[in-house]
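Heads up, the thing below is written out as structure tokens.
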Amino acid sequence: MDQFALILVLLLLLKLIYSAAAYSIITDKEALISVKSHINFEPLSNPLSTWDENSASPCNWTRIVCNKYGHRVIGIDLSGLQLRGSISPYIGNLSFLRSLQLQNNQLTGELPNQISNLFRLALLNVSSNNLNGVIPSNISQCRELRILDLVQNQISGEIPEEISQLKQLQILNLARNHFFGTIPSSISNISSLMILNLGTNKLGGEIPSDLARLPNLKELDLTINNLTGTVPDSVYNMSSLVYLALASNHLWGELPYNIGLTLPNLLGFNFCVNKFTGTIPGSLHNLTRIRIIRMADNLLHGSVPPGLGNLPELEMYNIGKNRIISSGENGLSFLESLSNSTRLNFLAIDSNLLEGKVPESIGNLSKVLKKFYMGGNRIYGSIPSSIGKLIGLELLNMSYNSISGEIPPELGQLKELKVLGLAGNDLSGNIPSSLGNLRKLNNIDLSRNELMGKIPAALGNFQGLLSMDLSKNKLDGNIPEEIFGLSSLSLFLNLSQNNLSGSLPEDVGLLENVVTVNISDNHLSGGIPNSIGNCRSLENLLLAKNMFSGQIPSTFGNLKGLETLDLSSNSLSGPIPLDLEKLQALKELNLSFNNLEGKVPLGGIFSQPFRVHLEGNRKLCLEVACENSHSNHRRLIIVVTITAIVVILSSLSAIFLLFLIKKGKAKVKATTESFRGQHQMISYDELRVATNNFHQENLIGTGSFGSVYKGILGEGMKIAVKVIDTAINGSWKSFLAECAALKNVRHRNLIKLITICSSTDYRNAEFVALIYELMSNGSLDDWITGKRSSNGEVMTILDRLKVIIDVASAIKYLHNECEAPIVHCDIKPSNVLLDSDMTAKVGDFGLARFLMKTNDSQPSISSTHTLKGSIGYIPPEYGMGADPSTAGDVYSFGILLLELFTGKSPRHESFTEGLSLKQWVQMNFPTNMEELIDQEMLNDDLFQEDELKDSKTGGDFLTKIIEIGLSCVSDSPEKRISIKDALQKLQSLKDTFVKPYLTKQIKK
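Put into structure tokens, the structure is as follows:
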């Protein structure tokens, strides 16, 4: 009987245990259902569809891990699902939870206080979200935490002292938030800490000396804060440190000379942009494994200590912008020691007080050295010919020293060189024609030297050159016509203050992209060629102090963007062309000391006499019958001023209309007239009413040349109004380009231009606007960057594929199906707009180019004088001065495709030190696709289908998409596929992988 009773008791205990376990898993299930209820997603893209409250146990749910008995939930991994919503406070009921991973989503709200109930939690990662608020102080109750990662959120407040009670913590990453206050010294109580990253916040105060009590710390990153004071001596004794970064603060004090002894494991040392004094710690040069030494932009003095020859793995050595000194002929001998650093690719010693000759052995430096800065010192002597051995150099800057002798012809061996700066020295002799071998050169500056002889015609080989400065030398002879054949020149051509002679050739008109031409203070003669009116991008033209004769060309009126025109101190004659009145951008006009005659115009810049210089032209006057008197310039200016004021006050509207009609060679007139023939013009008052007086609430975007407002016309039509800011330089070019490109094109994937408005506003000021159809789903950039996350909206894999096919269709139409092929020149996410059905439409044709001239109403237009496009999307050949092309659009399209499917912008902060989006994709493709693709897509329903579920990353489907992107972004335009081929491949993928999925959905 006793035995039987014992069995009954045991059975009862087992039943109680089972009941308790069942009750516990039910509690966990209810908590998870609450977590799900706080997350927003569309039905067809619900990654948590398996989280069903009717299920008996959550252990089989997506991204849920239970203990081996299935009694409790111990792990949740919802990373990379691009979830929107907030974190439910019921998360605190999962009392057995050990790992909570919510990183790479779009969660908002605060970290709930109930997280403190998770006393078993070891890993908490909510990085890369939009969380705000503060860190709950009771997080200290999570005493098992080993990793706390909150990087890249909007969390603010002070770092709570209670964090110091997390005794098991190994990684504390709070970077890229909005924390303020000071760094709690109590963090030093976390003896297990290995990584402490508080970079890119608003932390102030001093660095706590108690941090040195962290015996296991390997990485300490406090960059980009507002820290002040000195670095505690104890921090310099943290022997476990591998990486120490304190750059971009307000720190000061001397760097300990023995830092290499007290920090023997350092691989990276970054103290740039502070106020450190003292000398370069010589012991750093004894760290044989160190890779990065960065101390630029401080107040360091003294000499470069010995020992640089001990650093075989050194990749970057930057001591520029300090007060480092050396003296004597051998003052730069420390450079010879760096020949052992065969991995060195960045060397900067510029803007110091270094004296000495460049060592003859300079050519023994690393063959992978790309950038070499040594300008702004006291270097003298000649440039050694051995410098030609540095065949990997892309940048060489030796400007503003006292270097003498001739430019060594061996510089022509640096075939990879893109930037050559030798300005501000004492170089003499001729410019070697061998420099013409530098066909990749973008910028050359030989100004402020004693160079003589003729400009070599071989410099015309610089087909990618953006700027050339040969000013302030003693160069003579004619300007080679080859120089004017450098159509890539888009920044400036400066040949001023030399002894150049001869005429200015007609070929000057080939410089269609250049912004500034300065050939003043030479001995040029003859007439100014009419072809200069072809230099449509000119903003500054300086031809003063020469011997030009003849009349001022009326073609100057074509230079719509011209801001400065200086023709002073020449022998020009005849009247002032009325065409100069058309130059609405003109801010400074100097025609003084010539032989001009006749009446002075009253319109345009001439109505602002303080901007016009006419002295020294005795035959100029204002009267209808010009006096043959020798009236002085003061009387002329007074008359101009009085007349201009009278004209402005009495005829303001008439002058405005004159400006509008004559704007840009009557292109605006032609454009508006053509639109009158095709569309009903709209008035300023109609737009004012439609946008509620252009109210801030209706502002939906701003761009380089104006602002965009949403509005509703009287008949209920929803519109987007792009108001052009005509005061911005280049805005008229953008307006003309967009009108010319869009007025005759029609395609379902191109934004529809409804009409334009050319009128005056309530101040009687010039008002120009473009009116488009309104796209209710915003831009593709809004979706990629998560700006629409507050609405709980996400882009599915189907949305992305549909969008990229739409964009390809639009570009194919522009390239192949228009009467005159059009190159868009600015393909990027913000220029792709989405309508209510998520149909993508390409917009913003402000930089568009026609590939051939058709007629006066559709010219080849460029709205910019510099690189055509936006940084990150510009093809490499544009940077070398190549003309816009369809291959350039394909490159931009490829970058957009990679961004859309990886979720990373080409301007992502991780792309530093020369790494780009394209290179990052190439490094990971195809072996590391899980790291490569946007984590939001991994749990898309599409990837649960049979065709794709064999691979977590979508298998062949995503591999082929990324492959298409890479085939569009080859460095060589000739190796890129056409947009037609790209579209065909994308449509084929859709047919192969997506159609079966859609068919299944329809059947369901």
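Numbering (our numbering), first residue to last: 18 to 1021. Just so it is clear, CB atoms sit at the ideal spot from N, CA and C, and this is done for glycine as well.
| field | Thr-903: first and last residue of the uninterrupted alpha helix (DSSP H) it sits in | value | Translated into the one-based positions of the sequence shown, residue 903 becomes position 886. 903 to 919 is the span of the alpha helix (DSSP H), which, as asked, contains Thr-903.
| said: Just to confirm before moving on: does the CB-CB distance between Leu-975 and Ile-950 stay below 8 Å? | reply: Taking the sequence shown and counting its residues from 1, the one referred to as residue 975 is at position 958. Taking the sequence shown and counting its residues from 1, the one referred to as residue 950 is at position 933. Cβ distance < 8 Å, so Leu-975 and Ile-950 count as in contact.
| request: Could you tell me whether any Cβ in chain C is nearer than 8 Å to the Cβ of Arg-765? | output: Checking the listed chains, one finds no chain C in this structure; it contains a single protein chain.
| field | Same chain, Cβ closer than 6 Å to Ser-984, neighbours up to 5 away in sequence not counted | value | To locate residue 984, count along the sequence shown from 1; it is residue 967. Same-chain partners within the cutoff: Ile-994.
| task | Check each candidate in Ile-844, Ala-999, Asn-243 and Val-725 and name the one with the smallest Cα separation from Tyr-789. | result | Taking the first residue of the sequence shown as 1, we reach residue 789 at position 772. Checking every option, the nearest Cα to that of Tyr-789 belongs to Val-725.
| query | Which one of Phe-293, Leu-283 and Asp-852 has the shortest CA to CA distance from Ser-300? | reply | As a working mapping, residue 300 is identified with position 283 in the sequence shown. Comparing Cα positions, the closest option is Leu-283.
| field | Selection from Leu-521, Phe-752, Gly-502 and Ser-520 that minimises the alpha carbon distance to Glu-529 | value | If you number the sequence shown from 1, residue 529 lands on position 512. The residue with the shortest Cα to Cα distance from Glu-529 is Gly-502.
| Which runs of the beta strand (DSSP E), 3 residues or longer, sit entirely within the region 524 to 583? | 533 to 535, 540 to 544, 557 to 559, 564 to 568 and 581 to 583
| field | Burial state of Ser-902, where buried means 16 or more other Cβ atoms lie within 10 Å | value | The count along the sequence shown starts at 1 and reaches residue 902 at position 885. Looking at its Cβ environment, which holds 16 or more other Cβ atoms inside 10 Å, Ser-902 is buried.
| request: Give the straight-line distance between the Cα atoms of Lys-53 and Trp-68, rounded to the nearest whole angstrom. | output: Locating residue 53 in the sequence shown gives position 36, where the first residue counts as 1. Locating residue 68 in the sequence shown gives position 51, where the first residue counts as 1. Using only the alpha carbons, I get a separation of about 8 Å.
| message | So, under 8 Å CB-CB, Leu-1026 and Arg-553 are touching, yes? Tell me the CB distance rounded to an integer number of Å. | response | Outside the shown range of the chain, which is 18 to 1021, sits residue 1026, and nothing can be said about it.
| Are there 16 or more other CB atoms within 10 angstroms of the CB of Ser-1005, so buried, or fewer, so exposed? | Indexing the sequence shown from 1 puts residue 1005 at position 988. So Ser-1005 counts as exposed.
| If you scan the region 789 to 860 from start to end, which runs of the alpha helix (DSSP H) of 4 or more residues do you find wholly inside it? | 797 to 801 and 814 to 833
| task | Could you pull out every residue in the same chain whose Cβ sits closer than 8 Å to the Cβ of Gln-185, ignoring the five residues on either side in sequence? | result | On the sequence shown, position 168 is the one that residue 185 refers to. Cβ neighbours of Gln-185 beyond the five flanking positions: Ala-139, Arg-160, Glu-161, Leu-162, Arg-163 and Ser-209.
| Got a sec? Which residues, its chain only, sit under 7 Å from Asp-1008 by beta carbon, not counting five neighbours each side? | In the sequence shown, counting from the first residue as 1, residue 1008 sits at position 991. No residues qualify anywhere along the chain.
| request: Find out if the Cβ-Cβ distance for the pair Asn-521, Gly-543 is shorter than 8 Å. | output: By 1-based counting over the sequence shown, the position of residue 521 is 504. By 1-based counting over the sequence shown, the position of residue 543 is 526. Checking the sequence shown, residue 521 turns out to be Leu, not Asn. Result yes, Cβ atoms of Leu-521 and Gly-543 sit closer than 8 Å.
| task | Kindly confirm or deny that the region 700 to 711 and the region 734 to 751 touch, where touching means at least three C-beta pairs closer than 8 Å. | result | yes
| field | Contact check, Val-849 vs Leu-797, beta carbons under 8 Å | value | Within the sequence shown, numbered from 1, the residue matching residue 849 stands at position 832. Within the sequence shown, numbered from 1, the residue matching residue 797 stands at position 780. Yes, they are a contact pair.
| query | In its own chain, which residues sit with a C-beta less than 8 Å from the C-beta of His-925, not counting the 5 before and 5 after it? | reply | If you number the sequence shown from 1, residue 925 lands on position 908. Once the five neighbours on either side are set aside, the close Cβ partners of His-925 are Leu-934.
| Contacting residues, own chain, Cβ-Cβ under 8 Å from Asn-941 (five flanking each side not counted) | As a working note, residue 941 is residue 924 in the sequence shown. If we look at Asn-941 and ignore the five residues flanking it on each side, its Cβ neighbours are Glu-948 and Leu-949.
| message | Under 8 Å: do the region 399 to 412 and the region 380 to 387 share three or more Cβ pairs, one atom per stretch? | response | yes
| field | Top-ranked residue by Cα proximity to Ser-450, from Lys-85, Ile-204, Pro-322 and Leu-428 | value | By one-based count along the sequence shown, residue 450 stands at place 433. For Ser-450, the nearest C-alpha among the options comes from Leu-428.
| task | Identify every run of the beta strand (DSSP E) within the region 189 to 242, keeping only runs that are complete inside it and at least 3 residues long; order them along the chain. | result | 195 to 197, 212 to 214 and 236 to 238
| So, helix, strand or coil for Cys-643, using DSSP? | Residue mapping note: residue 643 aligns to position 626 of the sequence shown, counting from 1. Residue confidence for Cys-643 is low, a pLDDT of 49 falling below 50, so the modelled location carries little weight; the figure read from the coordinates is stated next. Three-state DSSP puts Cys-643 in coil, outside helix and strand.
| Between Gly-392 and Gly-578, what straight-line distance do the alpha-carbon atoms span, to the nearest angstrom? | Taking the sequence shown and counting its residues from 1, one reaches residue 392 at position 375. Taking the sequence shown and counting its residues from 1, one reaches residue 578 at position 561. For Gly-392 and Gly-578, the distance between alpha carbons rounds to 34 Å.
| said: Can you tell me whether Arg-306 is helix, strand or coil according to DSSP? | reply: For this step, residue 306 is matched to residue 289 along the sequence shown. It is coil, neither helix nor strand.
| Where does the unbroken alpha helix (DSSP H) through Val-938 begin, and where does it stop? | Here residue 938 is taken as the residue at index 921 of the sequence shown, counted from 1. Per DSSP, Val-938 belongs to the alpha helix (DSSP H) from 934 to 941.
| Where does Gly-898 fall in DSSP's three states? | Here the question's residue 898 lines up with position 881 in the sequence shown. DSSP places Gly-898 in coil when its eight states are reduced to three.
| task | For Ile-839, count neighbouring C-beta atoms within 10 Å of its own C-beta (all shown protein chains included) and say buried if the count is 16 or more, exposed if not. | result | The residue labelled residue 839 in the question sits at position 822 within the sequence shown. Classification of Ile-839: buried, given that the 10 Å Cβ count is 16 or more.
| task | Find the nearest neighbour of Ser-498 within the set Ala-474, Ala-857 and Arg-115, judged by alpha-carbon distance. | result | Here residue 498 is taken as the residue at index 481 of the sequence shown, counted from 1. It should be noted that the sequence gives Glu, not Ser, for residue 498. It is Ala-474 whose Cα lies nearest to the Cα of Glu-498.
| field | Same chain only: Cβ atoms within 8 Å of Asn-10, ignoring 5 sequence neighbours per side | value | No statement about residue 10 is possible, as the shown extent of the chain runs from 18 to 1021 and does not include it.
| Distance between beta carbons of Gln-952 and Gly-97, contact taken as under 8 Å | Translated into the one-based positions of the sequence shown, residue 97 becomes position 80. Translated into the one-based positions of the sequence shown, residue 952 becomes position 935. Their Cβ separation, rounded to whole angstroms, is 2 Å, which keeps Gly-97 and Gln-952 in contact under 8 Å.
| query | Bridge partners of Tyr-701, per DSSP? | reply | Within the sequence shown, residue 701 is the residue found at index 684, counting from 1. According to DSSP, which records beta bridges pairwise, Tyr-701 is partnered with nothing at all.
| Residue range of the beta strand (DSSP E) that includes Glu-614 | Against the sequence shown, residue 614 aligns to sequence position 597. It spans 612 to 616 - the beta strand (DSSP E) in which Glu-614 sits, taken as one unbroken run.
| Spatial neighbours of Glu-346 in its chain, beta-carbon cut-off 7 Å, leaving aside the 5 residues before and after | Here the question's residue 346 lines up with position 329 in the sequence shown. Contacts found: Gly-373 and Lys-374.
| query | Which stretch, first to last residue, makes up the beta strand (DSSP E) that contains Ala-737? | reply | Taking the first residue of the sequence shown as 1, we reach residue 737 at position 720. It spans 735 to 741 - the beta strand (DSSP E) in which Ala-737 sits, taken as one unbroken run.
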